[in-house]
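Undergrad: So for the sequence shown, numbering that gives the first Met the number 0 puts the first residue at 0; every next one is plus one. Right, I'll just put the structure down here and ask away after.
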Amino acid sequence: MRRPTGRTRPPAGPGGGPPPGAGCGSAVYYQLNMILFWTAYTGWYQAVARANGLTAADILPYAGATADSMRGFYTGAAPLIDAEEHGGEYERLAMCAASVEHVLHTAADSGVDTGILAAHAALYRRGVEAGFGADSSSRLIGILGGKSAA
0 MRRPTGRTRP PAGPGGGPPP GAGCGSAVYY QLNMILFWTA YTGWYQAVAR
50 ANGLTAADIL PYAGATADSM RGFYTGAAPL IDAEEHGGEY ERLAMCAASV
100 EHVLHTAADS GVDTGILAAH AALYRRGVEA GFGADSSSRL IGILGGKSAA
């Protein structure tokens, strides 16, 4: 089996900062990046599970475009999250929950294991049930952090 040739750790932090392990708190950044990495990579496995007769090569252009688009989501959301602005002007948690539910049921209908998607759907449902359906899905940060997200 051929091993991937990509690095598992960046040579420097974002913006050319210190590499992981080079200073106070850098281990935290590495761990947080691993959360992003493993969530995305497991999503890739879900997408290429072959239940729909597609190969990884078939899906690759779409997966790449989706990965590239994430920077825009992060860039747009970061200042709002830091300012604790969770208004639903750009997207609403209830809308996101409905989308995740749709993807969950479509995946189930195609025969793909839905464990990952079911966990996502349950999280979004919790946010809606907590009364945040009209707010941004960034309200989930409070729930994931063990807070009431008020």
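Note that beta-carbon positions come from the ideal geometry of N, C-alpha and C, so glycine has one too. This one's a predicted model, so the numbers in the text were calculated from it and none came from an experiment.
#1: Where does Ala64 fall in DSSP's three states?
#2: With Leu92 and Tyr123 assumed to form a contact (beta carbons below 8 angstroms), what rounded beta-carbon distance in angstroms separates them?
#3: Where does the unbroken alpha helix (DSSP H) through Thr105 begin, and where does it stop?
#4: According to DSSP, simplified to helix, strand and coil, what is Gly126?
#5: Taking only three categories from DSSP, how would you classify Ser135?
#6: Can you tell me the Cα-Cα spacing of Ser137 and Thr74, whole angstroms?
#7: Are at least three pairs of beta-carbons, each pair with one atom in the segment 40–56 and one in the segment 111–128, less than 8 angstroms apart?
TA: Per the coordinate set shown:
#1: helix
#2: 7 angstroms
#3: 92–109
#4: helix
#5: coil
#6: 13 angstroms
#7: yes
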